[in-house]
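Undergrad:
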Amino acid sequence: MLKCLRRCHLAVVFASLMIAAFPSVTLANHSWNGYHWARSQNPINLTLGDNVSSAWDSYLTTASNDWTVSSVLNTTVVPGQAKGRNCRPDTGRIEVCNAAYGNNGWLGIAQIWVNGLHITKGSTRMNDTYMAVPPYNTAPWHRLVMCQEVGHTFGLDHQDEDFDNGNLGTCMDYTDDPDGPPSNEHPNQHDYDELEAIYAHLDGPTGRLTSPEPPAMNDIELSGPGQWGKLVKRSHDGQTGIYEADFGGGHKIFTFVIWANGQGDTRANGEKD
8 MLKCLRRCHL AVVFASLMIA AFPSVTLANH SWNGYHWARS QNPINLTLGD
58 NVSSAWDSYL TTASNDWTVS SVLNTTVVPG QAKGRNCRPD TGRIEVCNAA
108 YGNNGWLGIA QIWVNGLHIT KGSTRMNDTY MAVPPYNTAP WHRLVMCQEV
158 GHTFGLDHQD EDFDNGNLGT CMDYTDDPDG PPSNEHPNQH DYDELEAIYA
208 HLDGPTGRLT SPEPPAMNDI ELSGPGQWGK LVKRSHDGQT GIYEADFGGG
258 HKIFTFVIWA NGQGDTRANG EKD
């Protein structure tokens, strides 16, 4: 019995040391179904196409700098090449846009095109119809929305989706008080741990396709829920949602949405328009 107690005690101590030494083993849990950019080197280099106005430039730069703190990810802001108002990207690129998209209910959108588990391109849009007026026309709100939407294009989901919970100190957390305290305007260590878990392996060139994209993936209009496909996840209050448009053969477009207060989608999970 004494030997068993000693062995059990040592096992507990060892497990505690492992958790302390490798927190990402237990903390990393907000990947979006393992979707990630294929890569053949560490860190992966991703470009953020700057299609935003001067009012948003500093927030895009801050988000790029924040996410590049990750040991597995480098981002560079480059001139934008978005195709049209819907901020369509080319393969291998992330395009970042803002515009007055209208009274359609959403503050910000992130979209990723996937082939199997690989992200092939991404897009984010900030809606100035809401972001330019109270309560969203503040620096903390702009930093939160930009940071979160860009974070989605790397394969990150949210750490928490309950607006009533206290701030977690990360832009991947929903809140009605982005500057806190603690502030939800930047990534936190949990986000960097999750990125390390997502990008723990090397696989192939960035943006590699295992099969050609169906033409419909580039022809579809993406301006509203009617084109985003099936609602596959939402917060309990409907203020956030994730939509899936499935084109077959492992080709999908996912849309992550932050709705303005009181504008959320309250449909049941899985229900179509």
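My numbering applies: residue 8 is where the sequence shown begins, and numbers increase by one. Ideal Cβ positions, reconstructed from N, Cα and C, are used throughout, including at glycine. Predicted model only: the values in this text are computed from it and were never measured.
Does the Cβ of S218 have 16 or more other Cβ atoms within 10 Å, making it buried, or fewer, making it exposed?
TA: Here residue 218 refers to the residue found at position 211 when the sequence shown is read from its first residue. Looking at its Cβ environment, which holds fewer than 16 other Cβ atoms inside 10 Å, S218 is exposed.
Undergrad: Given a cut-off of 8 Å on the beta-carbon distance, is the pair N93 and L114 in contact?
TA: Taking the sequence shown and counting its residues from 1, one reaches residue 93 at position 86. Taking the sequence shown and counting its residues from 1, one reaches residue 114 at position 107. No, the pair does not count as a contact, with Cβ atoms beyond the cut-off.
Undergrad: Ordered along the chain, which non-local residues of its own chain (more than five positions away) have a Cβ less than 6 Å from that of G257?
TA: Counting from one through the sequence shown, the residue named residue 257 turns up at place 250. Answer for G257: N122, G123, listed in chain order.
Undergrad: Among the candidates F161, G87, S60, A106, whose CA atom is the shortest distance from the CA of S230?
TA: For the purposes of this step, residue 230 is taken as residue 223 along the sequence shown, with counting starting at 1. It is A106 whose Cα lies nearest to the Cα of S230.
Undergrad: Do you know offhand how far I116's Cα is from D198's?
TA: As a first step, residue 116 is located in the sequence shown; it is residue number 109 there, counting from the start. As a first step, residue 198 is located in the sequence shown; it is residue number 191 there, counting from the start. In a straight line, the C-alpha of I116 is about 19 Å away from that of D198.
Undergrad: When burial is assigned at 16 or more other CB atoms within 10 Å of the CB, is D183 buried or exposed?
TA: On the sequence shown, residue 183 is found 176 positions in, with the first residue counted as 1. Burial call: exposed.
Undergrad: Tell me whether the beta-carbon of T83 lies closer than 8 Å to the beta-carbon of N111.
TA: Walking along the sequence shown from the start, residue 83 turns up at place 76. Walking along the sequence shown from the start, residue 111 turns up at place 104. With respect to N111, T83 sits apart: the two C-beta atoms are not nearer than 8 Å.
Undergrad: What residues in its chain sit with their C-beta under 6 Å from that of D210, if we drop five residues either side in the sequence?
TA: Position 203 of the sequence shown holds residue 210. Cβ neighbours of D210 beyond the five flanking positions: A45.
Undergrad: Just the C-alpha distance for I265 and W39, rounded to the nearest angstrom, thanks.
TA: Along the sequence shown, read from residue 1 onward, the residue named residue 265 stands at position 258. Along the sequence shown, read from residue 1 onward, the residue named residue 39 stands at position 32. Roughly 16 Å between the two C-alpha positions.
Undergrad: Apart from the five residues on each side of it in sequence, which residues of its chain come closer than 7 Å, Cβ to Cβ, to G109?
TA: Taking the first residue of the sequence shown as position 1, residue 109 is located at position 102. Around G109: T136.
Undergrad: Could you compute how far the alpha carbon of T33 sits from the alpha carbon of V76?
TA: In the sequence shown, residue 33 corresponds to position 26, counting from 1. In the sequence shown, residue 76 corresponds to position 69, counting from 1. Per-residue confidence for T33 stands at a pLDDT of 36, beneath the threshold of 50, marking its modelled position as unreliable; no derived number is given.
Undergrad: Would you kindly work out how many angstroms separate the C-alpha atoms of F254 and P188, rounded to a whole number?
TA: As a working mapping, residue 254 is identified with position 247 in the sequence shown. As a working mapping, residue 188 is identified with position 181 in the sequence shown. C-alpha separation (whole angstroms): 43 Å.
Undergrad: Would you say A267 and V157 are within 8 Å of each other, going by their C-beta atoms?
TA: Mapped onto the sequence shown, residue 267 falls at position 260. Mapped onto the sequence shown, residue 157 falls at position 150. Contact: no.
Undergrad: According to DSSP, simplified to helix, strand and coil, what is C178?
TA: Position 171 of the sequence shown holds residue 178. Here C178 sits in coil by DSSP.
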